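*Asks:* I have a structure I would like to understand better, so I am pasting it below and will then ask my questions one at a time.
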Amino acid sequence: MSLVFAGVCSHAPGIVGRADQADPAAKDRLYDAFGNMRLQLEASKPDALIVIAAEHFANFFMNNMPSFAMGMADYYEGPIENPEWLGIERTRIPGDRSLSERLISKVMERSDVTYAEEWKFDHGIMVPLHFLTPNYDLPIVPANINCQGPPLAPLHRAWTFGQALREAAEAVPERIALIGTGGISHWPATPDSGKINEEWDRKFLDEWSRCDKEAMLSYSDSQSYLQAGQGAFEIRTFLAISGATEGKGATVHFYEPIPIFAVGCTTATVNL
Amino acid sequence: MVSLYYVQKFLFELNRDAEFQSRYTADRHSTLSGFDLSEEEQRALVEPDIGLLFHLGVNGQILMHFAAFHSIEWQDYLQQMRDGIEAHGPVREGVYAVTGYEGVEAHTTRLGQTSNATGER
């Protein structure tokens, strides 16, 4: 089938773990936006959800770092972090090994990808699932783009990875939903945590919502680092969604900088 | 001799391995063998000295879990990193040193932003 749903959302651990420290009204607005995204996802009646994340040294480390990886198991576990710290209980999340294998085989025709038969989800996947599939009843296919330990794959390869995922989704009979999770400008877990470059974010989101390939591929990590922090390397997950839905516009349903969550919190869906 | 790779490897293993955490809790020094670490790095890991570890270049995505493991509250964690930069100077190595990380104030000035976005609200 073709993709039945595509979108992006934030995944910052503070969204759940530090919820009690946020302005309650801002928190409620974000949680409502996640609730609406959940309804849109459910309305698309997916058989499985591919989550393109930018994990933070949970499974992959600099001893053997894949630029692109996908999970291939019947179940996963998460969160790998202290559940109390993250505010999300540890649980088993369903996967679909057969589906993963068919998707990965197809992706490999266009994009090099590491497969992993074990995968512990960190906040990059758990926070979105906490809101979007809180009953953990939808099979998940985790995918990862290294956005943490340079050297990082260039942006155009994130785009190609997205294209490869779309072709793979079209090649299987299941109804596939796809989300990218990551931050835009942010300085997570550093002394600058809470700093957000709203102007930079809004410009990027405008380009993303118009699927402006040329504009998005013109970003460089060194410039992004100066203006938008190390967290901005995670725009790769947004670019992968654009690559997967090339030519389609998207709607940003929610954007609001919430410093205690350390990111401009975002939910958006592609107009498929 | 600096070995940021092994400092981060140590913390990566500690963050994800409950058995390793038990050994670290029982006898911190005993867990250092097998990692190619300088004396300064060893000291930072057993003390623990969050500010020094940040100065040495440890990625915050690894360091924040180490701080949480030591029951260091979020705002204290952020402050200890700031204190580390104050005491030891700019981040030496790793992803934050790419463009030279000289501290919150200088960084804020360079970005042309006002400095109220430290998560303290």
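If you read the sequences in order, they're chains W and D. Just remember that my numbering sits 64 ahead of the position in the first sequence, which is counted from 1. Just remember that my numbering sits 9 ahead of the position in the second sequence, which is counted from 1. Just so it is clear, CB atoms sit at the ideal spot from N, CA and C, and this is done for glycine as well. As the structure is a prediction and not an experimental result, all values here were calculated from the model.
(1) Less than 7 angstroms between the beta carbons of W:A233 and W:I240, yes or no?
(2) Please name the residue or residues paired with W:E141 in a DSSP beta bridge.
(3) Who pairs with W:I114 in a beta bridge, going by DSSP?
(4) Comparing alpha-carbon positions, which option in W:L229, W:F297 and W:A253 lies nearest W:L163?
(5) Could you tell me the distance, in whole angstroms, from the CA atom of W:P203 to the CA atom of W:T197?
(6) Please report whether the beta-carbon of W:S257 lies at a distance below 7 angstroms from any beta-carbon of chain D.
(7) Mind the definition here: the segment 314-332 of chain W touches the segment 56-64 of chain D only if three or more C-beta pairs lie below 8 angstroms; say whether that holds.
(8) Would W:G295 pass as a contact of W:P252 if the rule is Cβ separation under 7 angstroms?
(9) Restricting to Cα atoms, I'd like to know which of W:E106, W:K109, W:L105 and W:A76 is closest to W:L94.
(10) Apart from the five residues on each side of it in sequence, which residues of its chain come closer than 7 angstroms, Cβ to Cβ, to W:P110?
(11) Does the segment 76-93 of chain W come close enough to the segment 267-274 of chain W that 3 or more CB-CB pairs lie under 8 angstroms?
(12) Against chain W, with Cβ distances strictly below 7 angstroms, would D:Q70 count as a contact?
(13) What is the residue span of the beta strand (DSSP E) that W:F318 lies within?
(14) Just mark W:T315 as buried or exposed, buried being the case when its beta carbon has 16 or more other beta carbons within 10 Å.
(15) Where do the N-terminal and C-terminal ends of the alpha helix (DSSP H) with W:M280 fall, by residue?
(16) Which stretch, first to last residue, makes up the alpha helix (DSSP H) that contains D:L61?
(17) DSSP on W:F121, reduced to helix/strand/coil?
(18) To the nearest angstrom, how far is the alpha carbon of D:V55 from that of D:A35?
(19) May I ask which residues mark the beginning and end of the beta strand (DSSP E) holding W:G307?
(20) Looking at W:N208: is its Cβ nearer than 7 angstroms to the Cβ of W:A122?
(21) Near W:Q227, what residues of its chain come up, given a Cβ to Cβ distance below 6 angstroms and the 5 sequence neighbours on each side ignored?
(22) Am I right that W:G247 and W:S74 are in contact with their C-beta atoms under 8 angstroms? What's the rounded C-beta distance?
(23) Does W:Q104 get closer than 7 angstroms to chain D when you measure Cβ to Cβ?
(24) With a threshold of 7 angstroms between beta-carbons, can D:G128 be considered close to chain W, or not?
(25) With 7 angstroms as the threshold, decide whether the Cβ of W:F125 is near any Cβ in chain D.
(26) Measuring CB to CB, does W:W183 end up less than 7 angstroms from W:Y140?
(27) What is the C-beta distance between W:G142 and W:V205, in whole angstroms, given that I count them as a contact (C-beta under 8 angstroms)?
(28) Verify the CB distance criterion: does D:A76 have a CB-CB separation below 7 angstroms to chain W?
(29) Can you say whether D:E50 is buried or exposed, counting buried as having 16 or more other CB atoms within 10 angstroms of its CB?
(30) Would you grab the beta carbon distance between W:I168 and W:Y179 for me? Rounded to a whole angstrom, and I think it's under 8 angstroms.
(31) For a cutoff of 7 angstroms on Cβ pairs, would you count W:T254 as touching chain B?
(32) From the DSSP secondary-structure annotation, give me the bridge partner or partners of W:M134.
(33) Got a sec: is the Cβ-Cβ distance from D:F21 to anything in chain W below 7 angstroms?
(34) Between the beta-carbon of D:R101 and the beta-carbon of D:L65, is there less than 7 angstroms?
(35) Residues in the same chain with beta-carbon distance under 7 angstroms from D:A96, minus the five sequence neighbours each way, listed in chain order, please.
(36) Indicate the three-state DSSP secondary structure (helix, strand or coil) for D:V100 in the structure shown.
*Replies:* Reading off the structure:
(1) yes
(2) Per DSSP, W:R156 and W:K184.
(3) Assignment of beta-bridge partners to W:I114 by DSSP yields W:V205 and W:L242.
(4) W:L229
(5) 10 angstroms
(6) yes
(7) Touching, no, given that fewer than three Cβ pairs across the two stretches are closer than 8 angstroms.
(8) yes
(9) Comparing alpha-carbon positions, the option among W:E106, W:K109, W:L105 and W:A76 lying closest to W:L94 turns out to be W:A76.
(10) Excluding positions up to five away in sequence, the list reads V68, F69, L202, R239, I240 and A241.
(11) With a cut-off of 8 angstroms, the segment 76-93 of chain W and the segment 267-274 of chain W do not count as touching, because too few Cβ pairs lie within range.
(12) yes
(13) A314 to I322
(14) exposed
(15) K277 to L281
(16) I59 to L65
(17) coil
(18) Inter-residue distance for D:V55 and D:A35 is about 12 angstroms (C-alpha atoms, whole angstroms).
(19) No beta strand (DSSP E) holds W:G307; the alpha helix (DSSP H) holding it covers I299 to A308.
(20) W:N208 is not a Cβ neighbour of W:A122, given a cutoff of 7 angstroms.
(21) G307
(22) 6 angstroms
(23) no
(24) The pLDDT assigned to D:G128 is 39, lower than 50, so where the model puts this residue is not dependable, and the model offers no usable value.
(25) Closer than 7 angstroms to the CB of W:F125 there is at least one CB belonging to chain D.
(26) yes
(27) Not a contact, Cβ separation roughly 14 angstroms.
(28) False, the Cβ-Cβ gap to chain W never drops below 7 angstroms.
(29) buried
(30) 5 angstroms
(31) In the structure shown, chain B cannot be found, because the protein chains are W and D.
(32) W:Y179 and W:A207
(33) It does: the Cβ of D:F21 has a partner Cβ on chain W nearer than 7 angstroms.
(34) yes
(35) G60.
(36) coil
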